[in-house]
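Taken in order, the sequence shown gives residues 2 to 353; the numbers are from this note's numbering.
Where a beta carbon is used, it is the ideal one built from N, C-alpha and C, also for glycine.
Okay, so here's the structure we're looking at.
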Amino acid sequence: FGTHALLIVTLTLIPATAAARSENDATREDVYPPLWDRAPESLLDFLVKDNKIVINPWNYQERLGVYKNMLNSSAKYFTAFGSQNFGNILWGLPLQHGWQFRTGRLADPSSVTSCGYEDGDLLCISVRSWWSCMNYYLAVIPFLGAVEAGLFGQLQYEIEILPPEEQRADFCYSVADCRSRNPKLMDEWRAYFEVNNFTLFFFFLHIFPETFSSFKMDDALRLMWRAHVSSIAYALPKFQDSLKYLSDPEANFGEDWANAVDFIAATHFSTDLQTTNEFQSVLPQRMLAEGDVLPSISDFSPQQNRVLLSMRALHKVNQLTGGLLLKLWQKAMSTEAGRKLGRKLIEDLASS
């Protein structure tokens, strides 16, 4: 494979949209995750009990509040990248979580409980959901890494994360607990959120904006994607058994999506508000069911069918080559020139 051939083959996985949104479009309410305006704005908006801030990550609104607090506290470092914090690269996480909620992927897939259903507890996040368990490692772990890094300053209270009713051993619940169980993950998320790094980033952007903006943003994206990929790699084998609750097409899609993230991450792709919304727009609007056959799912657009089929093919080829396709792609993306080409092809697909 030449670099260009690799780019063409691999980028078929990237969702394309008919037209890019403008920043004015980003002010529309529907670009935010569902119930964003109701999520806790500050850490003190969560329950404070026995000198602890108590967070229930098995409630959609509270898990969303974890993201909102990370975005709010890091907003000052992204002022050079657009108004209203739209340029913050953490938007990819709550927007993906919102898509999971909106499409029913956080509800109990076994239907044993009413967790996550409209006729039960709609805001409940089920521990039986493969998506919700995977997402925990892209919500609570980054948040506790941010706490440890000092993103929220000197806290007057400890943070306590409530456990689920089942599978308690699969998760960690405090900075100390998560550090003892997952030191590598905590190190990587802490490195992204390290206040000293952010402060330096912020300083240089305002003193030498032309010289440092693209370089420093690339560095921030590198750290964020490194931690993101590590979270998925850690969680995938841990929650393999949870796939049994899903239909075969949905289970395949979940694993295809996790595989696709590795390829997207290598480009240091920006996960700001506008870009994430554009590329999330062709993800399936419901869970896949038995009988859904790609590329002929009748209530999916041709574009959705094509994207899902491409992701399936990419995953299979990567498996058949023992991960060689991903290694070749990462090598092609190891220079800024390669990543720039990768991102340009993505943008071209998005505007075609």
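Can you list, in chain order, the residues of its chain with a C-beta nearer than 8 Å to that of residue 140? Leave out the 5 residues immediately preceding and following it.
Numbered from its first residue, the sequence shown carries residue 140 at position 139. The beta carbon of residue 140 sits closer than 8 Å to the beta carbons of 58, 64, 67, 68, 94 and 98 from its chain, once the five residues preceding and following it are set aside; these are given in chain order.
Return the chain-ordered list of same chain residues with a C-beta closer than 8 Å to the C-beta of residue 306, the five sequence neighbours on each side being excluded.
Working through the sequence shown from its first residue, we reach residue 306 at position 305. Taking residue 306 as the centre and dropping the five residues before and after it, the same chain places the C-beta of 295, 296, 297 and 298 closer than 8 Å to its C-beta, in chain order.
Quick one: any contact between the region 260-276 and the region 328-340, if contact means 3 or more CB pairs under 8 Å?
The region 260-276 vs the region 328-340: in contact.
Just grab the DSSP bridge partners of residue 156 for me.
In the sequence shown, residue 156 corresponds to position 155, counting from 1. For residue 156, no pairing in a beta bridge is given by DSSP.
With H, G and I counted as helix, E and B as strand and the rest as coil, what does DSSP make of residue 122?
As a first step, residue 122 is located in the sequence shown; it is residue number 121 there, counting from the start. Strand.
Nearest-angstrom beta carbon gap, residue 134 and residue 171 [assumed within contact, 8 Å]
As a first step, residue 171 must be located in the sequence shown, where it is residue number 170. As a first step, residue 134 must be located in the sequence shown, where it is residue number 133. That belief holds up - the Cβ atoms of residue 171 and residue 134 are roughly 7 Å apart, short of 8 Å.
Is the region 236-253 close to the region 277-284, with three or more CB pairs under 8 Å?
With a cut-off of 8 Å, the region 277-284 and the region 236-253 do not count as touching, because too few Cβ pairs lie within range.
Evaluate residue 292 with the Cβ neighbour count: other Cβ atoms within 10 Å of its Cβ, from every protein chain shown; 16 or more gives buried, anything less gives exposed.
Position 291 of the sequence shown, counted from the start, is the residue given in the question as residue 292. Exposed is the call here.
Sort out for me which residues DSSP pairs residue 48 with in a bridge.
Taking the sequence shown and counting its residues from 1, the one referred to as residue 48 is at position 47. Answer is 55.
Please report the straight-line C-alpha distance between residue 46 and residue 320, rounded to a whole angstrom.
Within the sequence shown, residue 46 is the residue found at index 45, counting from 1. Within the sequence shown, residue 320 is the residue found at index 319, counting from 1. The alpha-carbon separation between residue 46 and residue 320 amounts to approximately 45 Å.
DSSP three-state call for residue 23: helix, strand or coil?
As a position in the sequence shown, residue 23 is number 22, starting the count at 1. Confidence in residue 23 is poor, its pLDDT being 40 and thus under 50, which makes the residue's placement unreliable; the coordinate value appears in the next sentence. Coil at residue 23, not helix or strand.
Any idea if residue 322 is buried or exposed, counting beta-carbon neighbours within 10 angstroms, 16 or more meaning buried?
The residue given as residue 322 occupies position 321 in the sequence shown. That one is exposed.
To the nearest angstrom, report how far apart residue 311 and residue 346 are at their CA atoms.
Looking up residue 311 in the sequence shown gives position 310. Looking up residue 346 in the sequence shown gives position 345. Note on geometry: alpha-carbon atoms of residue 311 and residue 346 lie some 16 Å from one another.
So, under 8 Å CB-CB, residue 283 and residue 308 are touching, yes? Tell me the CB distance rounded to an integer number of Å.
Residue mapping note: residue 283 aligns to position 282 of the sequence shown, counting from 1. Residue mapping note: residue 308 aligns to position 307 of the sequence shown, counting from 1. Separation of the CB atoms of residue 283 and residue 308 is rounded to 5 Å, and the pair is thereby assigned contact status at 8 Å.
In the region 241-275, which residue ranges form an unbroken alpha helix (DSSP H) of at least 4 residues, counting only runs that do not cross its ends?
List check, alpha helix (DSSP H) in window: 249-267.
Ignore the nearest five residues each way along the sequence and tell me which others in residue 153's own chain have a CB closer than 8 Å to its CB.
In the sequence shown, residue 153 corresponds to position 152, counting from 1. Cβ neighbours of residue 153 beyond the five flanking positions: 44, 70, 74 and 147.
Quick one: what does DSSP say residue 134 is sitting in, helix, strand or coil?
The sequence position of residue 134 within the sequence shown is 133, counting from 1. When secondary structure is reduced to three states using DSSP, residue 134 falls in the helix class.
So, at 7 Å on beta carbons, what are the nonlocal neighbours of residue 150 in its own chain, with the 5 sequence-adjacent residues on each side left out?
Against the sequence shown, residue 150 aligns to sequence position 149. Answer for residue 150: 191, 194, 195 and 196, listed in chain order.
When you compare each of 132, 32, 119 and 318 to residue 87 by their alpha carbons, which one comes out closest?
Start at 1 with the first residue of the sequence shown, and residue 87 comes out as number 86. Sorting 132, 32, 119 and 318 by C-alpha distance to the C-alpha of residue 87 places 32 at the top.
Burial state of residue 290, where buried means 16 or more other Cβ atoms lie within 10 Å
Reading the sequence shown from its first residue, position 289 is the one you call residue 290. Counting every other CB atom within 10 Å of its CB across the protein chains shown gives residue 290 a total below 16, marking it as exposed.
Kindly identify the DSSP beta-bridge partner or partners of residue 60.
Against the sequence shown, residue 60 aligns to sequence position 59. The bridge partners DSSP lists for residue 60 are 125.
Is it the case that the Cβ atoms of residue 62 and residue 36 are separated by a distance below 9 Å?
For the purposes of this step, residue 62 is taken as the residue at position 61 of the sequence shown. For the purposes of this step, residue 36 is taken as the residue at position 35 of the sequence shown. Contact flag set, yes.
Exposed or buried, residue 120, counting other C-beta atoms within 10 Å across all chains shown (16 or more means buried)?
Mapped onto the sequence shown, residue 120 falls at position 119. The residue is exposed, with fewer than 16 neighbouring Cβ atoms inside 10 Å.
Just the Cα atoms here: how many angstroms apart are residue 117 and residue 231?
Taking the first residue of the sequence shown as position 1, residue 117 is located at position 116. Taking the first residue of the sequence shown as position 1, residue 231 is located at position 230. Computed Cα separation, rounded: 28 Å.
Label residue 325 either buried or exposed according to how many other C-beta atoms from any shown protein chain fall within 10 Å of its C-beta, with 16 as the threshold for buried.
As a working note, residue 325 is residue 324 in the sequence shown. Residue 325 is classed as exposed because its beta carbon has fewer than 16 other beta carbons within 10 Å across all chains shown.
Which residue wins for smallest C-alpha separation from residue 112, given the options 130, 328, 100 and 168?
Here residue 112 corresponds to residue number 111 of the sequence shown, with the count starting at 1. Nearest option by C-alpha distance: 130.
Taking the beta carbon of residue 212 as the centre, do at least 16 other beta carbons fall within 10 Å, making it buried, or is it exposed?
Numbered from its first residue, the sequence shown carries residue 212 at position 211. Unreliable placement is indicated for residue 212, whose pLDDT of 48 sits below 50; the coordinate value is still reported in the next sentence. Under this definition residue 212 is an exposed residue.
For the alpha helix (DSSP H) containing residue 188, list its first residue and its last residue.
Within the sequence shown, the letter at position 187 stands for residue 188. Taken as a continuous stretch (DSSP letters only), the alpha helix (DSSP H) holding residue 188 covers 184-194.
Taking a contact to mean a Cβ-Cβ separation below 9 Å, would you say residue 173 touches residue 145 in this structure?
For the purposes of this step, residue 173 is identified with residue 172 of the sequence shown, where counting begins at 1. For the purposes of this step, residue 145 is identified with residue 144 of the sequence shown, where counting begins at 1. Judged by their CB atoms, residue 173 and residue 145 are nearer to each other than the 9 Å cut-off.
Opening and closing residue of the alpha helix (DSSP H) in which residue 330 lies
Taking the first residue of the sequence shown as 1, we reach residue 330 at position 329. Unbroken alpha helix (DSSP H) run through residue 330: 325-333.
Of the listed residues 50, 72 and 55, nearest to residue 42 (C-alpha basis)
In the sequence shown, counting from the first residue as 1, residue 42 sits at position 41. The residue from 50, 72 and 55 with its alpha-carbon nearest to that of residue 42 is 72.
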